[in-house]
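In my numbering, the protein residues as written are 2 to 140. Yeah, the Cβ is synthetic: ideal placement off N, Cα and C, and Gly gets one too. Computed from a predicted structure; not experimentally measured. Everything below concerns the one structure shown next.
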């Protein structure tokens, strides 16, 4: 019977600690795409330079991915971000060799983080039509 008060106390401590920690993790908010550039590099390939803003707090909460999404919701390209960018905000990363069918004229760019996944600001980008041509958009 003596273990029950200790167990109850530990349970309460874990719950209170979690309640205090979760708002700190969620505080950074969602990852936002704030600018993007698409360059047509071949007949159906593109390079994307995407600028992401997110208040990374460290390894537990940082922007960890951005995606190129087709009009049907299919993921056409994905850039995994391997580490936090606490002191580099916003930051730009590139992805080359993204194959996009000729009938797709525009894509949506979105970013995700470890806590919220997706849900921040997305950008729609009309794709350039000729190889070597670039198109940019910003929020």
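Practice task
With DSSP collapsed to three states, give me the class of residue 140.
Solution key: Shown here, residue 140 sits in coil according to DSSP, grouped into three states, outside any helix or strand.
Handout entry: Environment of residue 84 [buried if 16+ CB atoms lie within 10 Å]
Key = Its Cβ having fewer than 16 others within 10 Å, residue 84 is exposed.
Practice task
Taking 8 Å as the threshold, find out whether the stretch 96–105 comes into contact with the stretch 116–124 through three or more Cβ pairs.
Solution key: Judged by pairs of C-beta atoms under 8 Å, the stretch 96–105 does not touch the stretch 116–124, as fewer than three such pairs exist.
Problem - Three-state secondary structure (DSSP) of residue 76 - result: In this structure, residue 76 counts as strand in the three-state DSSP scheme.
Exercise for the section: From the DSSP output, in three-state form, read off residue 32 for me. Expected result: Secondary structure of residue 32 (DSSP, three-state): coil.
Exercise for the section: Locate the beta strand (DSSP E) running through residue 131, then write down its first and last residues. Expected result: Neither: residue 131 is in no beta strand (DSSP E) and is coded neither H nor E.
Exercise for the section: Report back the beta-carbon spacing between residue 109 and residue 50 to the nearest angstrom; my notes put them in contact at under 8 Å. Expected result: Contact between residue 109 and residue 50 is absent: CB atoms are separated by about 16 Å, not below the 8 Å threshold.
Exercise for the section: Figure out for me which residue from 81, 137, 88, 42 has the closest Cα to the Cα of residue 57. Expected result: Comparing Cα-Cα distances from residue 57 to each of 81, 137, 88, 42, the minimum goes to 88.
Problem - Residue of 35, 31, 43, 30 minimising C-alpha distance to residue 128 - result: When only C-alpha atoms are compared, the closest one is 43.
Practice task
Name, in chain order, the residues that DSSP records as bridge partners for residue 95.
Solution key: Residue pairing by DSSP places residue 95 opposite 50 in a beta bridge.
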